[in-house]
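I have placed the structure first, in the form of structure tokens, so that the comments after it can refer back to it.
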Amino acid sequence: MILHGYWRSGAAYRVRIGLNLKGVEYDRHGVDLRTGAQASEAFLALNPQGLVPALEVDGGVLTQSPAILEWLEEAHPTPPLLPLDPVGRAHVRAMAALIACDIHPLNNLRVGKALRQTFGADQAAVDAWAARWILPGFEALERLVEVHGDGWCFGAAPTLADCYLIPQIYSARRFNVSIEAFPRLRAIDATATAHPAFVAAHPDNQPDAD
Numbered sequence: 003m004i005l006h007g008y009w010r011s012g013a014a015y016r017v018r019i020g021l022n023l024k025g026v027e028y029d030r031h032g033v034d035l036r037t038g039a040q041a042s043e044a045f046l047a048l049n050p051q052g053l054v055p056a057l058e059v060d061g062g063v064l065t066q067s068p069a070i071l072e073w074l075e076e077a078h079p080t081p082p083l084l085p086l087d088p089v090g091r092a093h094v095r096a097m098a099a100l101i102a103c104d105i106h107p108l109n110n111l112r113v114g115k116a117l118r119q120t121f122g123a124d125q126a127a128v129d130a131w132a133a134r135w136i137l138p139g140f141e142a143l144e145r146l147v148e149v150h151g152d153g154w155c156f157g158a159a160p161t162l163a164d165c166y167l168i169p170q171i172y173s174a175r176r177f178n179v180s181i182e183a184f185p186r187l188r189a190i191d192a193t194a195t196a197h198p199a200f201v202a203a204h205p206d207n208q209p210d211a212d
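Just so it is clear: in the sequence shown, position 57 is 59 by the numbering used here, and no numbers are missing.
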């Protein structure tokens, strides 16, 4: 199993967390988004969309982090990253989608480049843009964790929602977005800093980090 990703990519980060939580062994192959490696002929042969992550497994290639994580849950059901009951599973998926659909796409590398190159945004403007989408999402997630959480986003063990949350908190800090207003999210982040699966997945601990 080979995970093609960029050390600071939030989407690749969440997949690393999921693989680590499941105890699945995999090799890493760095794809430097800053140099355009994702547009190389070799990488486009793996993922025609030219995005990370891409996971080589069982003679094929899986793309899009939500699909990879759902496959991971089905192929390696223990320990579970989704609750057993259908309603609980829907709640966890909704938390994950809140981040994956409504926050992350608006502050990824492609959008940042467009803001700078097309609209002349400086770093302060890019940071403000990121905050515009991160803060409302975190406000909603904070309330959801209040209802459903017990140490993690949903219940007392990590779920798919935590795989998405921790990379987004990392991204918030990169864009100088304060998370002081979200004590429950900060508590989950603090717990994750002592969890081996999250520690090993952290961008600073990847072989291609600089």
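The beta carbon of each residue, even a glycine, is placed where N, CA and C say it ideally should be.
These numbers were taken from a predicted model, which means no experiment stands behind them.
I need the straight-line Cα distance from residue i to residue j, nearest angstrom please.
i: Asp212; j: Arg10; result: 10 angstroms
i: Leu23; j: Ala174; result: 23 angstroms
i: Trp131; j: Asn110; result: 11 angstroms
i: Val201; j: Pro85; result: 23 angstroms
i: Ile19; j: Val113; result: 24 angstroms
i: Gly32; j: Val63; result: 16 angstroms
i: Tyr172; j: Ala133; result: 13 angstroms
i: Gly90; j: Thr193; result: 22 angstroms
i: Met97; j: Gln40; result: 29 angstroms
i: Val17; j: Ala123; result: 30 angstroms
i: Leu71; j: Pro79; result: 11 angstroms
i: Asp34; j: Tyr8; result: 6 angstroms
i: Gly50; j: Pro68; result: At residue 50 the sequence reads Pro, which differs from the Gly that was named. Roughly 17 angstroms between the two C-alpha positions.
i: Tyr15; j: Thr195; result: 14 angstroms
i: Gly61; j: Leu5; result: 13 angstroms
Within its chain, find whatever has a CB closer than 6 angstroms to the CB of residue i; leave out the 5 residues flanking it on each side and keep chain order.
i: Asp164; result: Trp154 and Cys155
i: Met3; result: Tyr28 and Val59
i: Phe184; result: Phe140 and Glu144
Are there 16 or more other CB atoms within 10 angstroms of the CB of residue i, so buried, or fewer, so exposed?
i: Lys115; result: exposed
i: Ser180; result: exposed
i: Thr161; result: buried
i: Leu74; result: buried
i: Asp191; result: buried
i: Asn207; result: exposed
i: Gly151; result: buried
i: Asn178; result: exposed
i: Val128; result: buried
i: Val54; result: buried
i: Phe121; result: exposed
i: Val149; result: exposed
i: Ala13; result: buried
i: Ala92; result: exposed
i: Asp170; result: The sequence shown places Gln at residue 170, not Asp. Buried is the call here.
i: Ala203; result: buried
i: Ala77; result: exposed
i: Pro205; result: buried
i: Ala56; result: buried
List the DSSP bridge partners of residue i.
i: Gly157; result: Gly151
i: Ile190; result: Paired residues: none, contrary to the question.
i: Ile4; result: Asp29 and Glu58
Sorted by chain position, which residues of the same chain lie with C-beta nearer than 8 angstroms to residue i's C-beta, five sequence neighbours on each side aside?
i: Trp135; result: Asp104, Ile105, Leu108 and Asn109
i: Leu187; result: Phe140, Leu143, Glu144, Val147, Leu167, Ile171 and Ile181
Leaving out five residues on either side along the sequence, give the residues of the same chain with a beta carbon under 7 angstroms from the beta carbon of residue i.
i: Leu46; result: Gly52
* To do: Let me know the beta strand (DSSP E) ranges lying completely inside the stretch 59-141, each 3 residues or longer, listed in chain order.
  => 62-65
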